[in-house]
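Under the UniProt record's numbering, think of the first position of the sequence shown as 1, with each following residue one higher.
Beta carbons: idealized from backbone N, C-alpha and C, even for Gly.
See structure below.
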Amino acid sequence: MTEERLSFQAEVSRLLDIVAHSLYSEKEVFLRELVSNASDACDRLRYAALTQPELSADDPALKVRLIVDKDARTLTVADNGIGMNREDLVENLGTIARSGTGAFLRQLSGDAKKDVSLIGQFGVGFYSAFMVADRVTVTTRKAGESQGWRWESDGKGEFTVGEAADAARGTRVTLHLRDGDDEYLEEHRLSAIVRKYSDHIALPILFGEGDEAKTLNSASALWMRSKSEVTAEQYKEFYHHVGHAFDDPWLTLHWRAEGAIEYTNLLFVPTSKPFDLFDPKRAHRVKLYVRRVFITEGAEGLLPPYLRFLKGVVDSEDLPLNISREMLQHNPMLAKIRSGIVRRVLSELNRKANDAESKEAYEGFWENFGAVLKEGVYDDYEHRDDLLKLMRFRTTAGDGLVSLEEYVGRMKEGQEAIFTISGDDIDSLLKSPQLEGFRAKGVEVLLLTDAVDEFWVPAVGAYKEKPFKSVTRGGAELGKIKAADKPEDKPEETPAEGGLTDLLALLKLALGEEVKDVRKSERLTDSAVCLVADDNDMDMHLERLLKQHKQ
Ligand code: ADP
Ligand code: MG
1 MTEERLSFQA
11 EVSRLLDIVA
21 HSLYSEKEVF
31 LRELVSNASD
41 ACDRLRYAAL
51 TQPELSADDP
61 ALKVRLIVDK
71 DARTLTVADN
81 GIGMNREDLV
91 ENLGTIARSG
101 TGAFLRQLSG
111 DAKKDVSLIG
121 QFGVGFYSAF
131 MVADRVTVTT
141 RKAGESQGWR
151 WESDGKGEFT
161 VGEAADAARG
171 TRVTLHLRDG
181 DDEYLEEHRL
191 SAIVRKYSDH
201 IALPILFGEG
211 DEAKTLNSAS
221 ALWMRSKSEV
231 TAEQYKEFYH
241 HVGHAFDDPW
251 LTLHWRAEGA
261 IEYTNLLFVP
271 TSKPFDLFDP
281 KRAHRVKLYV
291 RRVFITEGAE
301 GLLPPYLRFL
311 KGVVDSEDLP
321 LNISREMLQH
331 NPMLAKIRSG
341 IVRRVLSELN
351 RKANDAESKE
361 AYEGFWENFG
371 AVLKEGVYDD
381 YEHRDDLLKL
391 MRFRTTAGDG
401 LVSLEEYVGR
411 MKEGQEAIFT
421 ISGDDIDSLL
431 KSPQLEGFRA
441 KGVEVLLLTD
451 AVDEFWVPAV
461 GAYKEKPFKS
471 VTRGGAELGK
481 IKAADKPEDK
491 PEETPAEGGL
501 TDLLALLKLA
511 LGEEVKDVRK
521 SERLTDSAVC
531 LVADDNDMDM
541 HLERLLKQHK
551 Q
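Here you go:
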């Protein structure tokens, strides 16, 4: 039989080294990761079998088994799901650095507890097997194929792949336990771990093979249970599983829509910011089910891109089971579900933003996800007003976050615009000479530091009929605004008008083509000069951003 020896991709090797040597506590999470993979594999087979029933016909009851061999000191996690062929094995368990691996390595903190929790979050779950095993054997056969495969590794840089005779459909992951890890051979220990982390999995997780096998979990879809039957702990574990997340959910939304169309949603907003939030694809990861059957993850059209921070499950009663991903894109029923979700999520966020009790927590939410919601202000006209209400800003007035409503409510007498300044970070913005005149008159300025600000601000134009106006633009009309504390009648200490005109002419001559114009201005109090953009020209910060991207 041919067996090939291959090297792990360098980052995978590093990761394995960390998993095997540095992470001592919370080892039990390896089982959650392997069960989660087994359950995903069954979900994928169930979906594929919708159009190709022959794939699962010989063994249609999908399940996960934990099998212990005390003499050999092995624990096997077996599933009869989709399985892997040789190519899948090499890609998934070896050579291709999954996108999460690098990010995981960068985020390691040295605190074992935190680091273990990062493992699943970054999709490096399979390798956690090496926390308790010094050798791992994977035997697998892909649904619809006849050849089985065997993968084996001691986690030290290399693995082997070869043919396996008589492999059943699906995957068996066998852990040769390390000395001292015999607890994972005990039924009561395994059962406790399954109940703790995997109870929500909708497939049966059995202990043992054959007729005496015992079901360890509830094996019913958590989202179909009524709210009163689900504990906060269960919601949290489900969130971890479905969202590949390890923080607490900040917001848990569990509701059923009944009426013309019926669907159940269990959606979560994370407490912390996921590392791939600004991936250019702007894809969400919410899972779509139809009558408890997993259909697909991240269906375009199920959520608008600006709600991509949501995690969880949507389960429709009405969509056809055999719907393809392509058909989903333009399905009117899906569009209705989407609009129901958007309405519900925005109104829930609005409640959080205004409730005295949750106001502060909302600011944390905004710091994490505000930049994403702002995309909606730009591309979802229908909900623009709702989104504008959810916005919070740092301003020149202090440390707190301010809503547009609050800003407009405290505009100065004679102030007609909402003033803004854009840049890369708050600290350098606060040092900007363009703010001097505004400070002197006590006029508050919104500090905009998100790239997306360059798009939504011009798209919206105004809030409550007050136009947004950049302080770096030509006509910032500070003159009309009454000074905050300076006495009105104090004459401005400007040089004689004649001298100033000469100076401006000289400067224009010296700078030539470099500038469009040189003007006198009200905006400065301490600095002698500053750069501004003309009213009709591109904002300076946007110009810099575009230059960075070579546009
Ligand atoms: P993730 O589950 O986040 O993708 P893992 O490290 O847990 O990351 O698994 C890596 C990949 O290996 C999976 O995406 C899947 O393609 C494959 N895999 C792991 N376990 C199984 C299994 N039991 N059956 C089929 N494929 C599996
Ligand atoms: Mg996994």
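Check                                                                                                                                                                                       : Outcome
Would the beta-carbon of G125 be found less than 7 Å away from any heavy atom of ligand 2?                                                                                                  : yes
Determine which residues share a DSSP beta bridge with W151 and list them.                                                                                                                  : V138 and V161
With a threshold of 6 Å on Cβ separation, who are the neighbours of residue 565 within its own chain once the five nearest residues in sequence on each side are excluded?                  : The shown model of the chain, from 1 to 551, leaves out residue 565, and the question about it has no answer.
I need the straight-line Cα distance from K389 to R14, nearest angstrom please.                                                                                                             : 46 Å
Which of the three DSSP states, helix, strand or coil, is assigned to L66?                                                                                                                  : strand
Under 7 Å from any heavy atom of ligand 1, does the C-beta of I341 make it?                                                                                                                 : no
From P280 to P305, what distance separates their C-alpha atoms?                                                                                                                             : 11 Å
Measuring only from the beta carbon, is E33 closer than 7 Å to any heavy atom that is part of ligand 2?                                                                                     : yes
Straight-line CA distance for residue 553 to L447?                                                                                                                                          : With the chain covering only 1 through 551, there is no way to say anything about residue 553.
With a threshold of 7 Å, establish whether the CB of S36 neighbours any heavy atom of ligand 2.                                                                                             : yes
In three-state DSSP terms, what is N350?                                                                                                                                                    : helix
Please classify H330 as buried or exposed, where buried requires at least 16 other C-beta atoms within 10 Å of its C-beta.                                                                  : exposed
E3 lies in the alpha helix (DSSP H); which residues open and close that run?                                                                                                                : Unbroken run through E3 is the beta strand (DSSP E), E3 to S7; no alpha helix (DSSP H).
For the region 406 to 422 against the region 447 to 463, do three or more pairs of beta-carbon atoms, one drawn from each stretch, fall closer than 8 Å, so that the two count as touching? : yes
For N37, which of helix, strand or coil comes out of DSSP?                                                                                                                                  : helix
CB-CB under 7 Å to T51, same chain, minus the five flanking residues each way: which ones, in chain order?                                                                                  : N322
Nearest to P467 by alpha carbon, out of V408, L506 and L509?                                                                                                                                : V408
P60: buried (16+ other C-beta within 10 angstroms of its C-beta) or exposed?                                                                                                                : exposed
Under the DSSP definition of a beta bridge, which residues are partnered with R256?                                                                                                         : T264
When the Cα atoms are used, what is the spatial distance from residue 554 to E152?                                                                                                          : With the chain represented from 1 up to 551, any question about residue 554 goes unanswered, as that position is not in the structure.
At a cut of 8 Å, does the region 70 to 88 reach the region 25 to 42 through at least three beta carbon pairs?                                                                               : yes
Quick one: what's V313 bridged to in DSSP?                                                                                                                                                  : L266 and K287
Restricting to runs no shorter than 4 residues, where is the alpha helix (DSSP H) found entirely within the region 176 to 245?                                                              : 187 to 197 and 232 to 243
What does the alpha-carbon distance come out to for the pair V286 and A49?                                                                                                                  : 21 Å
Given a threshold of 16 other Cβ atoms within 10 Å of its Cβ, counted over all protein chains shown, does S228 qualify as buried or as exposed?                                             : exposed
Measure the C-alpha to C-alpha separation of K412 and G512 and round it to an integer number of angstroms.                                                                                  : 38 Å
Check whether the Cβ of M84 sits closer than 7 Å to any heavy atom of ligand 1, and report yes or no.                                                                                       : yes
Would you give the residue range spanned by the beta strand (DSSP E) that L55 belongs to?                                                                                                   : Element bounds for L55: n/a, residue is neither H nor E.
Relative to ligand 1, is the shortest distance from any of its heavy atoms to the C-beta of G376 smaller than 7 Å?                                                                          : no
May I ask you to report which of helix, strand or coil DSSP gives A356?                                                                                                                     : coil
What do you get for F309, buried or exposed, if any count of 16 or more other CB atoms within 10 angstroms of its CB means buried?                                                          : buried
Do A164 and G144 have their beta-carbon atoms positioned less than 8 Å apart in this structure?                                                                                             : no
Any heavy atom of ligand 1 closer than 7 Å to the CB of G155?                                                                                                                               : no
Would you kindly report the start and end of the unbroken alpha helix (DSSP H) that includes P458?                                                                                          : D453 to V460
Alpha carbons only, please: which of A133, V161 and D134 is nearest the one belonging to R141?                                                                                              : V161
Once you ignore the five residues that flank Q551 on each side, which residues in its own chain have a CB closer than 7 Å to its CB?                                                        : Low confidence applies here, because Q551 scores a pLDDT of 47, under 50, leaving its location unreliable and the question unanswered by this model.
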